[in-house]
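Q: Take a look at the following structure, please.
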Amino acid sequence: MVQTKTHWDDLETVLVLVQRGSLAAASGELGISYTTVARRVSRIEAATGQALFVRSGDGYLPTEAGLTMAHHAADMQSAQHAMMRALTGQDQALTGKLTITAPQLMIAHVLCPVLQAFRQAHPEVELEVKGTNTLLDLDRREADLAFRISRAPGDNLTGLRLAEQETASFATQTWADRFAADPKAPLDWVAYVTHKTLPDQVMQTAPGSRIQYHFDDMVVMAGAAQAGLGIARMPMFLGRALPGLVQVPILPPQPYADIWLVAHPDVWPSARVRAFRDILVPYIKAHRSDFVG
Numbered sequence: 000m001v002q003t004k005t006h007w008d009d010l011e012t013v014l015v016l017v018q019r020g021s022l023a024a025a026s027g028e029l030g031i032s033y034t035t036v037a038r039r040v041s042r043i044e045a046a047t048g049q050a051l052f053v054r055s056g057d058g059y060l061p062t063e064a065g066l067t068m069a070h071h072a073a074d075m076q077s078a079q080h081a082m083m084r085a086l087t088g089q090d091q092a093l094t095g096k097l098t099i100t101a102p103q104l105m106i107a108h109v110l111c112p113v114l115q116a117f118r119q120a121h122p123e124v125e126l127e128v129k130g131t132n133t134l135l136d137l138d139r140r141e142a143d144l145a146f147r148i149s150r151a152p153g154d155n156l157t158g159l160r161l162a163e164q165e166t167a168s169f170a171t172q173t174w175a176d177r178f179a180a181d182p183k184a185p186l187d188w189v190a191y192v193t194h195k196t197l198p199d200q201v202m203q204t205a206p207g208s209r210i211q212y213h214f215d216d217m218v219v220m221a222g223a224a225q226a227g228l229g230i231a232r233m234p235m236f237l238g239r240a241l242p243g244l245v246q247v248p249i250l251p252p253q254p255y256a257d258i259w260l261v262a263h264p265d266v267w268p269s270a271r272v273r274a275f276r277d278i279l280v281p282y283i284k285a286h287r288s289d290f291v292g
């Protein structure tokens, strides 16, 4: 006889397993062991009397029943997220959890004084900071507040443009002295992987300059510049903050994407979010010159 009672944990597990396709990937997403994933799937299959997946060497392939269940579970999950966002937005208590996400370099070189001031002002708020360049899903409550480096941070989000930004060229003093002594001498550069050529102004000023290294991560690229591997273009706030780097005036400051603070509209009014903004905004306003030439 088919039992119709199921648990949300089991439904969510089916949803994530359909999305991820393997026990290992689903367990990582859910933060549980892969044996727990398998046990939940077996339990809900027994409760419904339906095979939800075909086990194969390629992973767990959903059946039609599995796809149907995942579709409805996604609707339930969206409703759950909407409910929790609404509750968070209405919460006027300066207690509980506040999750913030920002690029790692911004956390390390801009936000730490803000985080410290907020912690001292509101010790009852549990502050969680996720350092990543990945855009976390605020609809799904992966974070309450996000710092975005963007010209358009998202039409469905509420936010503030905190500061304009510019980039400039930075290197060790050795490279700066070399350029000052002979501005037309060739220079070595380190560049982000998407930048295949040097700006025309560099080639006109210092013919023979070339990109010696490409990196796919700004943290690594900045470290290479600090190690003396060459000149690097980077945001002004970063080049000015990193020990051992000075600005090399081979390039004038260039416009870069703005810094935004954003949240889901449901979450924006909450007391915790408002309290963080009240500390953040004056700090950034006082330090706006750090971001432009």
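For the sequence shown, numbering that gives the first Met the number 0 assigns the number 292 to the last residue and increments by one with no breaks. Here a beta-carbon is modelled for each residue, glycine too, at the ideal position from N, C-alpha and C. Remember, predicted model here, so these are calculated numbers, not experimental data.
Whole angstroms is fine: what's the gap from THR3's alpha carbon to LEU51's?
A: Residue confidence is low: THR3 scores 49 on pLDDT, short of 50, so the model does not pin down where it sits. Its coordinate-derived value is still stated next. THR3 and LEU51: Cα-Cα distance of roughly 15 Å.
Q: What does a CB cutoff of less than 8 Å around GLN253 pick up in its chain, not counting 5 residues either side in sequence?
A: Take GLN253, set aside five residues on each side of it, and the residues of its chain with a beta-carbon closer than 8 Å to its own are GLU165, THR166, ALA167 and ARG232, in chain order.
Q: Is it the case that the segment 218-232 contacts the segment 186-204, given that we only count it when at least three CB pairs across the two stretches are under 8 Å?
A: They touch, by the three-pair rule.
Q: Are the segment 130-144 and the segment 199-214 touching, with three or more C-beta to C-beta distances below 8 Å?
A: no
Q: For the pair the segment 248-264 and the segment 154-161, tell me if three or more CB-CB distances fall below 8 Å.
A: Result yes; three or more Cβ-Cβ pairs closer than 8 Å.
Q: Is the CB-CB distance between ALA25 and VAL36 below 7 Å?
A: Yes, the Cβ-Cβ distance between ALA25 and VAL36 is below 7 Å.
Q: Name the two residues that bound the continuous beta strand (DSSP E) containing GLY30.
A: That residue, GLY30, is in no beta strand (DSSP E); it is neither H nor E in DSSP.
Q: According to DSSP, is ALA170 helix, strand or coil?
A: strand
Q: Since LEU29 contacts VAL13 with CB under 8 Å, what's their CB separation in whole angstroms?
A: At roughly 11 Å, the Cβ-Cβ gap does not stay under 8 Å, so LEU29 and VAL13 are not in contact.
Q: I'd like to confirm the pairing. Which residues does DSSP put opposite GLY158 in its beta bridges?
A: VAL261
Q: By how many angstroms is the C-alpha of ARG38 removed from the C-alpha of ILE31?
A: 11 Å
Q: Nearest by alpha-carbon distance to ALA170: which of PRO268, ALA224 and ALA145 is it?
A: ALA224
Q: Could you tell me whether the Cβ atoms of LEU241 and LEU104 are closer together than 7 Å?
A: no
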